[in-house]
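Below is one structure; the comments refer to it alone.
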Amino acid sequence: MDKDKILSNMKILLVEDDDFTLQQLERFLRRRVGKLLTAQNGAQGLEILEKDEIDIVITDLKMPNMNGLEMIQIAREREYNGPVIIITALSDTDTILKAVDMGIVKYIIKPIDTDELIDILIKLANEIIKYKYDSIIIDDELIVDKEEKIVLEREIGTKVAHFLKSYTGIGPKNIKVFIQGNNITIEAEEVLTLMEQNIVSNVRNFSIVDYNRRLFYSENKSFLEQCIEDIIDYQVDLIEVSCNSSSNLDLLKFSFK
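Counting from 1, position 166 in the sequence shown corresponds to residue 174 in the numbering used here; the numbering is continuous, with no gaps.
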């Protein structure tokens with residue numbers, strides 16, 4: 009999945025008085041963001057901020073009629089609290105310090121590095137979607153809201169429980185799945201077969217059963233990964249297996265590739 013995809017959820021305002029820079033950035037951003045609005049000075053930018061709910065503002069500092077700092081100061085007074093990226097020349101050091109005091113999130117020195125700009129936008133979009141839209145971001149790319157996350161966790165739990173029952177003859181009494189950050193963690197409780205329970209009745213055999221269960225998961229690594237990939241439509245890697253026969257608990261951790 010393209011990392012730019014997360015930006016398709018963003019409405020961005022670009023304020024730039026230089027025609028060439030405006031055209032270049034507009035052409036670059038319009039293919040990547042959900043909606044791009046443009047203005048050529050601070051006054052026009054304020055008009056747009058009054059009418060539209062803007063997620064992120066990108067603005068030049070040096071502009072006629074109303075410069076970037078003046079625009080942001082008024083926007084803050086009018087309760088625009090979204091992130092602002094300023095575009096500036098290296099000689100604008102004093103102005104940059106003033107901008108920081110006004111809550112400017114990032115600044116980019118001209119000439120603009122578009123890779124740097126996209127990286128900044130993706131990080132800001134992550135935060136906006138997490139806290140403003142109450143959604144879950146996975147690996148900066150896969151976006152699901154909390155209800156979808158619960159559904160995915162339930163489906164993964166059902167699939168893994170079915171796998172254990174099919175391959176060992178016993179399904180876990182309880183299975184918990186947590187999608188968080190770049191990881192999926194699965195806790196399977198009461199997973200020991202009758203034979204394994206008999207073996208661990210001698211406490212010296214815990215390590216033997218633990219080893220065998222880790223080996224079992226290792227041998228079926230590709231199959232387990234495919235089971236989860238079929239559900240979330242995203243590649244995963246089984247990175248950790250922990251088996252604790254004394255607690256009758258297995259823990260599997262997958263990461264997004």
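The beta-carbon is built from N, C-alpha and C at its ideal position, and this holds for glycine as well.
- The shortest CA-to-CA distance from T67 to any of N134, I112, R38, G179 is the one to I112.
- Beta-bridge partners assigned by DSSP to A47: V23.
- Here the C-alpha atom of F264 lies approximately 35 Å from the C-alpha atom of M203.
- Taking one beta carbon from each stretch, the region 254-264 and the region 188-202 have 3 or more pairs nearer than 8 Å; the two touch.
- Put simply, the region 129-139 does not touch the region 159-168. Fewer than three CB pairs are less than 8 Å apart.
- Cβ contact annotation for A83 (same chain, cutoff 7 Å, sequence separation greater than five): L54, L57, in chain order.
- Taking the CA atoms as reference points, K184 sits about 10 Å from L260.
- I93 is a Cβ neighbour of I128, given a cutoff of 9 Å.
- In its chain, beyond the 5 residues on either side, V23, G50, T67, D68, L69, I94 have a beta carbon closer than 7 Å to the beta carbon of G76.
- For Y225, the uninterrupted alpha helix (DSSP H) run begins and ends at 214-227, by DSSP.
- Annotation: R35 to L45 spans about 12 Å, alpha carbon to alpha carbon.
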